[in-house]
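Following the UniProt record's numbering, the numbering of the sequence shown begins with 1 at its first residue and continues without gaps.
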Amino acid sequence: MYGQKERLLNFTEPRNNKVILTINRTTVKYFRLKVHIQLNIYLNFSEGLTMKNKIKNYDSDVQILKIRNKNAIEELLDDDNIAFEKISVAKNLEENFQTKRILKKAKDKGIKVETLKLSQMAVRRSGKTHEVIIGYIKPTNILRFEELLQRLEKEKKQPFFLLINRIDFDTNIGVIARTAFAAGINGLIYQGETERFLNDDSVHFSLGSIVRIPLVKQNIFEAIKKLKDRGIKTVALNMNGKNYTDTNLTGSLAIVIGEEKNGISRTVTEKCDEVLSIPIYNKIESLNVAICAAVLIYEKIRQENLCFK
Numbered sequence: 001m002y003g004q005k006e007r008l009l010n011f012t013e014p015r016n017n018k019v020i021l022t023i024n025r026t027t028v029k030y031f032r033l034k035v036h037i038q039l040n041i042y043l044n045f046s047e048g049l050t051m052k053n054k055i056k057n058y059d060s061d062v063q064i065l066k067i068r069n070k071n072a073i074e075e076l077l078d079d080d081n082i083a084f085e086k087i088s089v090a091k092n093l094e095e096n097f098q099t100k101r102i103l104k105k106a107k108d109k110g111i112k113v114e115t116l117k118l119s120q121m122a123v124r125r126s127g128k129t130h131e132v133i134i135g136y137i138k139p140t141n142i143l144r145f146e147e148l149l150q151r152l153e154k155e156k157k158q159p160f161f162l163l164i165n166r167i168d169f170d171t172n173i174g175v176i177a178r179t180a181f182a183a184g185i186n187g188l189i190y191q192g193e194t195e196r197f198l199n200d201d202s203v204h205f206s207l208g209s210i211v212r213i214p215l216v217k218q219n220i221f222e223a224i225k226k227l228k229d230r231g232i233k234t235v236a237l238n239m240n241g242k243n244y245t246d247t248n249l250t251g252s253l254a255i256v257i258g259e260e261k262n263g264i265s266r267t268v269t270e271k272c273d274e275v276l277s278i279p280i281y282n283k284i285e286s287l288n289v290a291i292c293a294a295v296l297i298y299e300k301i302r303q304e305n306l307c308f309k
C-alpha cells in the first residue's frame with residue numbers, strides 16, 4: 001500500500017454571484033482501488049464584486065499588530081499611509097508630555113482612543129512589563145510581486161530589493177527592516193508564513209518600519225527567476241563568496257541574505273548571479289545577519305554615489 005499526495009486548486013467561472021472552489025486534497029491507492037477525495041466549497045460573491053477582486057483582497061495571514069513603543073507610534077502617526085485601528089492608553093498615565101502629543105495626533109486623525117486600567121494593558125512576552133500606550137494597526141504594505149514591480153516601473157524607480165531566505169529571530173528581522181527602510185530599499189521579499197515574519201516583536205524591533213516598507217510573500221526560487229527575467233542582478237551573501245567590495249553593485253539589484261549559522265542554502269546561491277562575502281579577520285564563526293545586510297546595502301549606496309560624482 002502506498003499514498004500519493006496531490007494538491008490541486010480549481011475555481012469555476014462566476015455564475016449567479018457564486019463560484020465553486022474545488023480542492024483535490026489526497027489520492028490514495030490501495031492495490032487496484034483508487035480513492036479520490038474532492039472538496040467543493042461554494043463561495044458567495046457580493047453583487048458587483050469580481051472573483052479577481054475577491055481573491056486579491058483576501059489575506060488570512062495578516063493580523064492586527066501591536067505597536068508598543070511611543071517613538072514608533074508617533075512616527076507611524078506622522079505617516080499618512082498607516083491606518084491605526086485604535087490606540088490604548090493606561091488610565092492616569094496619559095499626562096506624560098509625549099503621550100499627550102500622541103493622543104492629540106490620534107484625535108486630529110480621528111483614531112479611536114480607549115483608556116484602560118494599567119492591569120488591562122497588554123503585557124510583553126517576558127510577563128513583567130505593562131505598556132503605558134499601545135497602538136493597533138492592520139498592515140496594508142503586503143503586495144503581490146508583479147504589483148510591486150509595476151509600481152516601480154510606473155514611478156521610474158530603480159529596483160533595489162532584499163530577499164530573506166531563512167531568518168528566524170524577530171530582532172534581526174526588525175533591525176533589517178528598519179535599515180532597509182532607511183536606505184530606501186523598494187521591498188523585502190520573504191517566504192513562509194507571514195506571521196513568522198510580520199508580528200508584534202518584529203514591529204517592535206523595527207520601531208514600526210516593517211509596516212512602512214513594501215513586503216512581498218514569494219517563493220525564493222520564483223522570486224529570483226522573476227528578477228532575472230527583468231534583468232535585475234541577484235547577489236547572495238555567504239561565507240564562501242568573493243569580497244563584496246570587489247563587485248559592481250550599481251544598477252538594479254536584489255541582495256539575498258540568510259541566517260547566521262547555516263547561511264543561504266546551496267540551491268539558492270546557485271541560482272544567484274554572484275556570491276559575496278564580508279571578510280572576517282579574527283577567529284569567529286560568523287557575523288550578525290542584520291549587520292551584514294546593512295554593510296552590503298550601504299556599499300551599494302556608496303558605489304551609486306561615486307558614480308554621480
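Backbone N, C-alpha and C fix where the C-beta goes; we use that ideal spot for every residue, glycine too.
Contact between residue 252 and residue 231 holds, since their C-beta atoms are separated by about 7 Å, short of 8 Å. Excluding the 5 residues flanking it on each side, residue 93 has same chain C-beta neighbours closer than 6 Å at 132, in chain order. Taking a 10 Å sphere around the C-beta of residue 190, we find 16 or more other C-beta atoms and assign the residue as buried. Check the Cα spacing between residue 242 and each of 145, 296, 162 and 171: the tightest is with 296.
Taking C-alpha positions only, residue 96 is separated from residue 90 by approximately 11 Å.
Exposure of residue 240 is indicated by the presence of fewer than 16 other C-beta atoms within 10 angstroms of its C-beta.
Within the same chain, and ignoring the five residues on either side of residue 67 in sequence, the residues whose Cβ sits closer than 8 Å to its Cβ are 73, 76, 134, 135, 136, 137, 203, 204 and 208. The beta carbon of residue 141 sits closer than 7 Å to those of 211, 212, 213, 214 and 215, all from its chain and outside the five residues before and after it, given in chain order. Counting along the chain, the unbroken alpha helix (DSSP H) around residue 223 starts and ends at 220 to 229. Beta-bridge pairing by DSSP links residue 236 to 256 and 275. Only buried fits residue 200, as 16 or more other CB atoms lie within 10 angstroms of its CB. For the pair residue 143 and residue 63, the Cα-to-Cα distance works out to about 15 Å. In this structure, DSSP gives residue 73 a helical state, which the three-state scheme calls helix. Judged by DSSP in its simplified three-state form, residue 208 adopts coil rather than helix or strand.
Around residue 272, the same chain offers 224, 234, 235, 236 and 256 as residues with beta carbons nearer than 7 Å, after the five sequence neighbours per side are excluded. Just so you know, the alpha carbons of residue 244 and residue 269 end up roughly 15 Å apart. DSSP places residue 286 in the coil class of the three-state scheme, outside both helix and strand. Under the three-state reduction of DSSP, residue 241 is assigned to strand. In the DSSP annotation of this structure, the continuous segment of the alpha helix (DSSP H) that includes residue 152 starts and ends at 145 to 155.
Exclusion of the five residues before and after residue 171 leaves 205 as the residues of its chain whose Cβ lies within less than 6 Å of its Cβ.
Inter-residue distance for residue 103 and residue 113 is about 8 Å (C-alpha atoms, whole angstroms). Counting along the chain, the unbroken alpha helix (DSSP H) around residue 181 starts and ends at 170 to 183. The beta carbon of residue 162 sits closer than 6 Å to those of 180, 185, 188 and 255, all from its chain and outside the five residues before and after it, given in chain order.
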